[in-house]
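Novice: Attaching a single structure in structure tokens format; questions to follow.
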Amino acid sequence: MKASFSLLPRLTAAALAMLLSTACGDDDDPTPPEPTPEDKALYAVITQVNVGEETTSYVVLTDKVDQTASLSLENAIEVPGRALGSGFSKKGTLYVSSNEGGIVTRYKVNASDKLEKDGEVSFQGRGVNSIGEYQHQLQYVSDTKAYYLDGRTAQVIVWNPTAMTVTNAIALTGLTIEGAVNTFASMPVRVGTKIIVPIGWRPSAGTGITKQAGVVVIDTTNDSAVVVKDAGERCGYVRDGVVGPDGQVYLATEAYGAAVFRTAPSTTPVPCLLRFNPSTSAFDADFHHDLADLTNGKATGSLLAGPSGTAYLRVLDETTYTVVDGTHPRTIASAQAWKFWQLDLSTIKATEVSSLPASTGSSFLYSVEDDKVLFSEFTNGSTQTNFRYLSDKSGTVAFNTQGLAFSFLQLR
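As structure tokens, this is what we get:
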């Protein structure tokens with residue numbers, strides 16, 4: 519915690535420094551003081567390393583994101599299985615969970631810039647024995663309220679991140695579709711006091727896509743949650759969403775759904791763009807666009823937040839990657855062949871961003887210092903994760919780490 523000083527001593531010290539500088543006749547600017555530990559940036563990266571059938575995750579701390587050497591796992595905290603790290607940005611606290619248990623462990627940054635355990639909460643009493651998928655399935659509203667969306671048990675766990683207690687559970691009626699498994703958005707969106715979480719469904723066997731779009735709407739004012747489905751059943755695996763300049767939520771088929779369509783167009787729903795009204799909690803029946811129509815007929819999927827009323831689509835570049843018959847859609851979605859196209863949400867027109875390199879189709883966005891955005895890229899046969907700059911449209915690699923990193927948080 520940052521030390522507290524009164525205003526008068528600050529002014530006195532500043533005035534004395536100016537007098538001493540003037541008396542010495544030094545025209546050069548004084549050397550600024552070294553930042554205190556509380557002023558230095560600190561980031562947490564959680565990455566999973568797979569060795570044979572065993573998965574171990576590592577919680578790595580770094581004080582900078584711009585570095586050429588891969589992050590060292592030597593002094594990292596080890597967590598069995600696929601771990602996720604989550605929490606409020608710049609609060610000095612990290613909540614760590616794993617798919618090998620229904621427990622969330624709280625860590626706090628100590629005076630030595632290390633993480634110390636500071637309590638835990640168990641969701642097992644609500645039937646949750648594994649916390650997997652994505653970082654943002656844990657949504658933080660205030661110091662005393664957070665949510666965890668669990669697809670396996672079709673519920674939202676309400677818990678207190680200060681007291682580390684479970685306070686409620688909300689059933690997600692209508693989430694389960696017979697013969698299908700569900701998956702939540704990697705990047706939910708917030709509109710006012712509502713959290714909108716897109717849902718993707720796919721058959722429990724095979725590589726198909728279930729023709730259904732839907733969202734979970736959480737109202738943080740009364741801890742209610744409802745599943746809203748698109749009555750038109752116009753497309754599937756609509757697992758990405760962004761808020762447009764009109765306050766509406768735009769939803770799109772994710773890259774994996776586009777890859778399935780690329781391999782089996784006759785039996786797969788056409789990847790599409792839909793619109794959802796958070797005020798009425800209803801899909802716009804009159805708004806529908808085939809994603810390929812926006813990108814000159816190319817395989818298109820995923821929708822990421824962009825600047826100034828825009829979003830980014832991911833578009834498969836088949837001049838650099840050849841789709842061979844029999845290739846698994848997951849392999850296609852993971853190929854470093856998906857270009858960025860910027861979509862104007864007012865005109866629904868998309869243009870290629872040539873300055874950004876092609877990368878893997880499934881990307882996650884992370885904020886750095888409030889004005890910079892990184893996106894992740896899985897490379898080297900999914901054994902390394904690159905974090906690249908998106909906000910300046912350069913795609914420059916900021917840093918990389920061994921393994922698959924699905925979580926990043928600025929702690930300070």
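Position in the sequence shown counted from 1, then plus 518, gives you the numbering used here.
Note that the Cβ used here is the ideal one computed from N, Cα and C, for glycine as well.
(1) With DSSP run on the structure shown, which of helix, strand or coil describes Gln766?
(2) In the DSSP output, what is Glu571 paired with across the bridge?
(3) Looking only at its own chain, which residues have a Cβ that is under 6 Å from the Cβ of Ile621, when we skip the five neighbours before and after it?
(4) Using 10 angstroms around the beta-carbon of Lys857, count the other beta-carbons present and answer buried if the total reaches 16, otherwise exposed.
(5) Kindly identify the DSSP beta-bridge partner or partners of Arg720.
(6) What is the DSSP secondary structure of Ser881, reduced to helix, strand or coil?
(7) Return the CA-CA distance between Arg480 and Ala629, expressed in angstroms with no decimal places.
(8) Alpha carbon to alpha carbon, how far is Val778 from Ser881?
(9) Determine the contact status of Trp859 and Tyr830, defining contact as a CB-CB distance below 8 Å.
(10) Do you know offhand how far Val627's Cα is from Leu792's?
(11) Specify whether the segment 721-734 and the segment 653-660 touch according to this definition: at least 3 beta carbon pairs, one from each stretch, less than 8 Å apart.
(12) Do Ser820 and Glu870 have their CB atoms nearer than 8 Å?
(13) Determine whether the beta carbon atoms of Tyr665 and Ile649 lie at a separation below 8 Å.
(14) Roughly how many angstroms lie between the CA atoms of Val567 and Thr865, to the nearest whole one?
(15) Ala876 and Ala817: beta carbons closer than 8 Å?
(16) What are the boundary residues of the beta strand (DSSP E) that includes Pro598?
(17) Count the CB pairs spanning the segment 909-919 and the segment 574-587 that are closer than 8 Å, and state whether there are at least three.
(18) Run through DSSP, which three-state label would Ile850 get?
(19) When every heavy atom of the ligand FMN is checked, does at least one fall within less than 7 Å of the C-beta of Ser880?
(20) Using 10 angstroms around the beta-carbon of Ile850, count the other beta-carbons present and answer buried if the total reaches 16, otherwise exposed.
(21) Let me see if you follow: with CB-CB separation under 8 Å, is His806 close to chain B or not?
(22) Within a Cβ cutoff of 7 Å, which residues of the same chain sit near Val734, ignoring the five residues on either side of it in sequence?
(23) Which residue spans inside the segment 596-657 form an unbroken beta strand (DSSP E) run of at least 3?
(24) From Arg930 to Tyr613, what does the alpha carbon distance come to, in whole angstroms?
(25) Pull up the DSSP beta-bridge partners for Asn904, would you.
(26) Using DSSP bridges, identify the partner residues of Glu772.
(27) Which residues mark the beginning and the end of the beta strand (DSSP E) in which Leu742 is found?
(28) With respect to the beta strand (DSSP E) encompassing Gln673, which residues constitute its N-terminal and C-terminal limits?
(29) Where does Val563 fall in DSSP's three states?
(30) Let me know if Thr813 comes out buried or exposed under the rule of 16 or more other beta-carbons within 10 Å of its beta-carbon.
(31) Within 8 Å, do at least three Cβ pairs link the segment 598-609 to the segment 572-579?
(32) So if DSSP puts Cys790 in a beta bridge, which residue, or which two residues, is it bridged to?
(33) Comparing alpha-carbon positions, which option in Val569, Asp835, Gln653, His806 lies nearest Ser925?
(34) Taking 8 Å as the threshold (C-beta atoms), are Gly921 and Thr901 in contact?
(35) First and last residue of the beta strand (DSSP E) that includes Ser704?
(36) Tell me the rounded alpha-carbon separation between Glu571 and Gln854.
Specialist: This is what the structure holds:
(1) The residue given as residue 766 occupies position 248 in the sequence shown. Of the three classes helix, strand and coil, the one that applies to Gln766 here is coil, per DSSP.
(2) Mapped onto the sequence shown, residue 571 falls at position 53. DSSP output for Glu571 lists no bridge partner at all.
(3) Along the sequence shown, one-based indexing puts residue 621 at 103. Cβ contact annotation for Ile621 (same chain, cutoff 6 Å, sequence separation greater than five): Glu638, Ser640, in chain order.
(4) The residue given as residue 857 occupies position 339 in the sequence shown. Lys857 is classed as buried because its beta carbon has at least 16 other beta carbons within 10 Å across all chains shown.
(5) On the sequence shown, residue 720 is found 202 positions in, with the first residue counted as 1. In the DSSP output, where bridge partners are listed per residue, Arg720 has Val699.
(6) For the purposes of this step, residue 881 is taken as residue 363 along the sequence shown, with counting starting at 1. Residue state, collapsed to three classes: coil.
(7) In this structure the chain extends from 519 to 930, so residue 480 is not present and cannot be described.
(8) Reading the sequence shown from its first residue, position 260 is the one you call residue 778. Reading the sequence shown from its first residue, position 363 is the one you call residue 881. Cα-Cα distance, rounded: 17 Å.
(9) If you number the sequence shown from 1, residue 859 lands on position 341. If you number the sequence shown from 1, residue 830 lands on position 312. Against a cut-off of 8 Å, the Cβ pair of Tyr830 and Trp859 comes out as a contact.
(10) Within the sequence shown, residue 627 is the residue found at index 109, counting from 1. Within the sequence shown, residue 792 is the residue found at index 274, counting from 1. So the two alpha carbons sit approximately 42 Å from each other.
(11) no
(12) For the purposes of this step, residue 820 is identified with residue 302 of the sequence shown, where counting begins at 1. For the purposes of this step, residue 870 is identified with residue 352 of the sequence shown, where counting begins at 1. Their beta carbons are not under 8 Å apart, which means Ser820 does not touch Glu870 by this criterion.
(13) Indexing the sequence shown from 1 puts residue 665 at position 147. Indexing the sequence shown from 1 puts residue 649 at position 131. The answer is no: Cβ separation not under 8 Å.
(14) Working through the sequence shown from its first residue, we reach residue 567 at position 49. Working through the sequence shown from its first residue, we reach residue 865 at position 347. Their backbone Cα atoms lie some 43 Å apart in a straight line.
(15) As a first step, residue 876 is located in the sequence shown; it is residue number 358 there, counting from the start. As a first step, residue 817 is located in the sequence shown; it is residue number 299 there, counting from the start. It is not a contact, given that the beta carbons lie outside the stated cut-off.
(16) Translated into positions along the sequence shown, residue 598 becomes position 80. Taken as a continuous stretch (DSSP letters only), the beta strand (DSSP E) holding Pro598 covers 595-598.
(17) As far as the Cβ criterion goes, the segment 909-919 touches the segment 574-587, which means the pair count is three or higher.
(18) Here residue 850 refers to the residue found at position 332 of the sequence shown. Three-state DSSP puts Ile850 in a helix.
(19) The ligand FMN is not part of the structure shown, which contains no ligands of any sort.
(20) Position 332 of the sequence shown holds residue 850. The residue is buried, with at least 16 neighbouring Cβ atoms inside 10 Å.
(21) Of the chains in the structure shown, none is chain B; there is only one protein chain.
(22) Translated into the one-based positions of the sequence shown, residue 734 becomes position 216. Taken in chain order, the residues that qualify are Leu667, Leu690, Val715, Ile717, Ala743, Val745.
(23) 601-604, 611-616, 621-627, 633-640
(24) Taking the sequence shown and counting its residues from 1, the one referred to as residue 930 is at position 412. Taking the sequence shown and counting its residues from 1, the one referred to as residue 613 is at position 95. Cα to Cα, Arg930 sits roughly 14 Å from Tyr613.
(25) What you label residue 904 is simply residue 386 of the sequence shown in a count that begins at 1. Note: Asn904 sits in a beta bridge opposite Glu895, Asn918.
(26) On the sequence shown, position 254 is the one that residue 772 refers to. Paired residue(s): none; Glu772 is not in a bridge.
(27) Along the sequence shown, read from residue 1 onward, the residue named residue 742 stands at position 224. In the sequence as presented, Leu is not what sits at residue 742; that position holds Ser. From DSSP, the beta strand (DSSP E) with Ser742 extends over 742-747.
(28) Within the sequence shown, residue 673 is the residue found at index 155, counting from 1. For Gln673, the uninterrupted beta strand (DSSP E) segment begins and ends at 673-678.
(29) As a position in the sequence shown, residue 563 is number 45, starting the count at 1. Strand, per DSSP.
(30) Residue numbering aside, residue 813 sits at position 295 when the sequence shown is read from its first letter. Label assigned to Thr813: buried.
(31) yes
(32) Position 272 of the sequence shown, counted from the start, is the residue given in the question as residue 790. In the DSSP output, where bridge partners are listed per residue, Cys790 has Asp808.
(33) Mapped onto the sequence shown, residue 925 falls at position 407. For Ser925, the nearest C-alpha among the options comes from Gln653.
(34) Counting from 1 along the sequence shown, the entry for residue 901 is found at position 383. Counting from 1 along the sequence shown, the entry for residue 921 is found at position 403. Closer than 8 Å, so yes.
(35) Along the sequence shown, one-based indexing puts residue 704 at 186. Premise fails: Ser704 is in no beta strand (DSSP E) and is neither H nor E.
(36) Locating residue 571 in the sequence shown gives position 53, counting from the first residue. Locating residue 854 in the sequence shown gives position 336, counting from the first residue. Using only the alpha carbons, I get a separation of about 25 Å.
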